[in-house]
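To start, the structure under review is shown below, and the notes come after it.
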Amino acid sequence: MSAQLKPAAVLLPAKTVAVAEGDGIGPEITRAVLRILAEADPGLAFQPLTVGLQAYLAGHSAGFDRRVIDAVTEHAVLLKGPITTPQGGGYKSVNVSLRKTFGLYANLRPCVAYHPFVATHHPGMDVVIVRENEEDTYAGIEHQQTDEVVQCLKLVSRPGCERIVRYAFEYARRHGRRKVTCMTKDNIMKLTDGLFHRVFDEIAREYPEIASDHMIIDIGTAKMAVDPRRFDVVVTPNLYGDILSDVAAEVAGSIGLAPSSNIGRHCAMFEAVHGSAPDIAGRDLANPSGLLLSAVMMLVHLGRAGAATAIHNAWLRTLEEGLHTADIFGPHSRRQVGTQAFAEAVVTRLGQRPRDIPAVDYPERTMSSAPVLLEAAAVSREKTLEGVDVFLHWDQAERNPDALGHPLQAIAGPDFRLALITNRGVKVYPSGLQQTTRTDHWRCRFQSVEGRRLTPSHIAALLLRMAEAGFEAVKTENLYAFDGVRGYSQAQGE
Ligand code: NAD
């Protein structure tokens, strides 16, 4: 190890970091990263934790136990390897549970091209994706409601939007970034994504020195794939951010290179963007760079800038010298190395700087990744109950909407009128089209009769009348107006 590095590293105070190696390639890339950390920052100690498959097998259905909660709370940082999540059934995602348990609201995913050393279509790409990390469809609230229909709730809150959007602008300001782009699908989801976009526009006005714009997520993702240099910082809801950052990481060079941090008020978690790669696990083929760069983000977060700078520059130098793992092996590679040999190559270069790629110099001042964000005071608004959507499981009379609508009209009074019935969001009653596909899941919208002031008791009475008439309600949604503004979507075709 170089004499240039050691004095700075030794001066750093002792700090313990919680570490979970995870599943699949997790143990081998974690081993490689800890090897480099131990050399670059001897002041660091590691508390090993078990999360993921082994925790499930030990009977912890969340994929982690109380010890993990205590250790992460105590040390305030977790360096985590990837976790295998069963698809389509079984346990819930540990990653999502950890992010939500610890209130890690911001997921930061820098995607950088290392041209010409790692093949990329986009030399000069340097994009940071700020993904909302706690809300959206990742609330994981799903139900089977009828034989044919399942649902997933997409939850978006104003404080959640404010926190992530402000984080993105604060990040841009602190890091000298020039533009923040918001991506949503608010042409379709006018309430949920519409709120995210509206909050973005409000907060953008507080940062006049930073340019801001908005794109619909589908064209935004396409542009990210073909022309990522038009983006600088992108802020987006949870699901879009997950997909967009994989696209960005892959077109930058390799998903195996992309790091991420998950930032909360009290603690932070650092992990690679990629998953547990079971196809190459245990073969010393995995690229440890994603987790290593995540560890660099962790060091910066902890104010250990000297070690972060040393590791990052040694890593760049290793890339430049063409010592590459299989996933990035290409025309500029000199020698293909395995996971552990790559780590040794980085260790050997600690104290060296890259020759061609610009070197990194993290400022010495303590630079927590979590800016202190001021919460806007909650605004209470006048809330008026205007009606109720009752979702029915109904599969009779050849699914003829009139055969459902007529009896419901009779049941509705005297407080309500049946305004419409939809099937998967499309109006089928009154005056539906024969061609519209119909499932066994019907949304029946009852609105208050003119001049009637509704209370929840009116809704309970309506539900009782429906049950007595043999209709099975599987879900209800109250229809409110806030300060006179309708707080529910129109039906397609309404
Ligand atoms: P993946 O990222 O694990 O693998 C996708 C492809 O990229 C594979 O071909 C793999 O070999 C390759 N790859 C990934 N990381 C690499 C690395 N470091 N070096 C070289 N090649 C690498 O995605 P997947 O196959 O969709 O998911 C596998 C499992 O990982 C699933 O159970 C999924 O739920 C989980 N996952 C976990 C996380 C996480 O823990 N944060 C993130 C994504 C996926």
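For the sequence shown, the numbering used here gives the first residue as 10, with consecutive numbering after it. Beta carbons: idealized from backbone N, C-alpha and C, even for Gly.
Give me, in chain order, the residues of the same chain whose beta-carbon lies closer than 6 Å to that of residue i; leave out the 5 immediate sequence neighbours on both sides.
{"i": "Ser440", "result": "none"}
{"i": "His321", "result": "Val305 and Val369"}
{"i": "Ala54", "result": "Thr25"}
{"i": "Tyr497", "result": "Leu488"}
{"i": "His467", "result": "Asp424"}
{"i": "Gln153", "result": "Val159"}
{"i": "Gly339", "result": "Ala128"}
{"i": "Pro125", "result": "His341"}
{"i": "Gln56", "result": "Thr25, Ala27 and Ala80"}
{"i": "Asp398", "result": "Arg452, Arg454 and Glu486"}
{"i": "Leu58", "result": "Ala27, Ala29, Val77 and Ala80"}
Contact defined as beta carbons within less than 8 Å: I believe residue i pairs with residue j. What is the distance between those atoms, to the nearest angstrom?
{"i": "Thr38", "j": "Gly90", "result": "Checking the sequence, you will find Ile at residue 38 rather than Thr. Confirmed, about 6 Å."}
{"i": "Gly61", "j": "Asp32", "result": "5 Å"}
{"i": "Leu332", "j": "Ala354", "result": "5 Å"}
{"i": "Thr348", "j": "Pro297", "result": "5 Å"}
{"i": "Leu88", "j": "Val28", "result": "5 Å"}
{"i": "Thr5", "j": "Arg452", "result": "Nothing in the structure corresponds to residue 5, since the chain is present only between 10 and 503."}
{"i": "Arg326", "j": "Pro363", "result": "5 Å"}
{"i": "Cys161", "j": "Glu171", "result": "That belief does not hold up - the Cβ atoms of Cys161 and Glu171 are roughly 24 Å apart, past 8 Å."}
{"i": "Met278", "j": "Leu107", "result": "6 Å"}
{"i": "Asp365", "j": "Glu330", "result": "Not a contact, Cβ separation roughly 10 Å."}
{"i": "Val165", "j": "Leu117", "result": "Incorrect: roughly 20 Å between the Cβ atoms, too far for contact."}
{"i": "Val42", "j": "Leu301", "result": "5 Å"}
{"i": "Ala254", "j": "Arg140", "result": "According to the sequence provided, residue 254 is Ser. The question's Ala does not apply to it. Their Cβ separation, rounded to whole angstroms, is 6 Å, which keeps Ser254 and Arg140 in contact under 8 Å."}
{"i": "Ile34", "j": "Ile212", "result": "Ile34 to Ile212, Cβ: 38 Å. No contact."}
{"i": "Met103", "j": "Cys276", "result": "A small correction: the amino acid at residue 103 is Val; Met does not occupy that position in the sequence shown. So it is not a contact: roughly 16 Å between Cβ atoms."}
{"i": "Ala482", "j": "Met475", "result": "6 Å"}
Take residue i and list the residues in its own chain whose beta-carbon comes closer than 8 Å to its own, dropping the five residues that flank it on each side.
{"i": "Met376", "result": "A caution first: Met376 carries a pLDDT of 47, below 50, which makes its placement in the model unreliable, though a value can still be read off. Closer than 8 Å at Cβ, skipping near neighbours: Arg183, Val309, His310, Gly312 and Ala314."}
{"i": "Arg186", "result": "Val137, Tyr180, Ile219, Asp241 and Val242"}
{"i": "Met224", "result": "Thr190, Cys191, Met192 and Lys232"}
{"i": "Ala12", "result": "Bear in mind that a pLDDT of 39 at Ala12, under 50, signals an unreliable position, so the model cannot answer this."}
{"i": "His206", "result": "Cys191, Thr193, Asp195 and His223"}
{"i": "Gln501", "result": "Thr431, Gly434, Val435 and Lys436"}
Please work out which residues of its chain come closer than 7 Å, Cβ to Cβ, to residue i, disregarding the five sequence neighbours upstream and downstream, and give them in chain order.
{"i": "Ala406", "result": "Ala412"}
{"i": "Tyr147", "result": "Val105, Asn247 and Leu248"}
{"i": "Asn299", "result": "Residue identity differs from the one stated: residue 299 is Gly in this sequence, not Asn. Taken in chain order, the residues that qualify are Gly265, Leu266, Ala267, Pro268, Ala281, Val282 and His283."}
{"i": "Asp293", "result": "Glu37, Gly347, Thr348 and Gln349"}
{"i": "Phe425", "result": "Gly396, Phe455, Gln456, Ser457, Val458 and Leu471"}
{"i": "Leu427", "result": "Gly414, Leu417, Gln418, Ala421, Cys453 and Phe455"}
{"i": "Leu46", "result": "Leu53 and Ala304"}
{"i": "Glu503", "result": "Leu429 and Lys436"}
{"i": "Arg344", "result": "Gly331 and Leu332"}
{"i": "Asp404", "result": "Asp449"}
{"i": "Ala478", "result": "Pro416 and Ile420"}
{"i": "Thr492", "result": "Note on identity: in this sequence residue 492 is Asp, with Thr being the wrong assignment. Closer than 7 Å at Cβ, skipping near neighbours: Arg390 and Glu391."}
{"i": "Gly149", "result": "Lys101 and Val105"}
{"i": "Arg495", "result": "none"}
{"i": "Thr201", "result": "Lys163 and Val165"}
{"i": "Arg508", "result": "Here the chain comprises residues numbered 10 to 503, so residue 508 is not present and cannot be evaluated."}
Taking 6 Å as the cut-off, is the beta-carbon of residue i closer than that to any non-hydrogen atom of the ligand ATP?
{"i": "Ala177", "result": "This structure does not include the ligand ATP; its bound ligands are the ligand NAD."}
Examine the Cβ distances between the segment 176-189 and the segment 227-235 and report whether three or more of them are shorter than 8 Å.
Because the criterion of three Cβ pairs below 8 Å is not met, the segment 176-189 and the segment 227-235 do not touch.
Secondary structure, alpha helix (DSSP H): runs of 4+ residues fully inside the segment 72-149:
As for any alpha helix (DSSP H) of minimum length 4 sitting wholly inside the segment 72-149, the runs are 75-84 and 103-110, ordered along the chain.
Are the segment 60-77 and the segment 117-127 touching, with three or more C-beta to C-beta distances below 8 Å?
With a cut-off of 8 Å, the segment 117-127 and the segment 60-77 do not count as touching, because too few Cβ pairs lie within range.
Examine the Cβ distances between the segment 155-167 and the segment 180-194 and report whether three or more of them are shorter than 8 Å.
At 8 Å Cβ cutoff, the stretches do not touch.
Are three or more beta carbon pairs between the segment 130-139 and the segment 257-264 nearer than 8 Å?
Here the segment 130-139 makes contact with the segment 257-264; the two share three or more CB pairs at distances below 8 Å.
Closer than 8 Å is the cut-off here; do at least three beta carbon pairs connect the segment 459-466 with the segment 388-404?
The segment 459-466 vs the segment 388-404: in contact.
So, do the segment 241-250 and the segment 277-284 have three or more beta carbon pairs nearer to each other than 8 Å?
The segment 241-250, when compared against the segment 277-284, does not touch it at the 8 Å Cβ threshold.
Could you name each continuous alpha helix (DSSP H) segment of 4 residues or more that falls completely within the segment 19-43, going from the start of the chain to the end?
Runs of the alpha helix (DSSP H) lying entirely within the segment 19-43 and spanning at least 4 residues: none are present.
Does the segment 37-53 touch the segment 79-87, meaning 3 or more C-beta pairs lie closer than 8 Å?
Look at the beta carbons and you see the segment 79-87 not touching the segment 37-53: under three pairs across the two are nearer than 8 Å.
Could you name each continuous alpha helix (DSSP H) segment of 4 residues or more that falls completely within the segment 215-277, going from the start of the chain to the end?
Restricting attention to alpha helix (DSSP H) runs no shorter than 4 residues, the segment 215-277 encloses them at 226-235 and 247-261, ordered along the chain.
For the segment 326-357, which segments carrying the beta strand (DSSP E) assignment without a break, of at least 3 residues, lie completely within its bounds, in sequence order?
Listed in chain order, there is nothing to give.
Hey, which unbroken runs of the alpha helix (DSSP H) at 4 residues or more fall wholly within the segment 184-215?
201-213, all fully within the segment 184-215.
Entirely within the segment 408-453 and at least 4 residues each: give me those alpha helix (DSSP H) ranges in chain order.
Counting only runs of at least 4 residues, the segment 408-453 fully encloses the following alpha helix (DSSP H) elements, listed from N- to C-terminal order: 410-421.
What ranges does the alpha helix (DSSP H) occupy inside the segment 453-490, keeping only unbroken runs of at least 4 residues that lie completely in it?
Fully enclosed alpha helix (DSSP H) runs of 4 or longer: 465-477.
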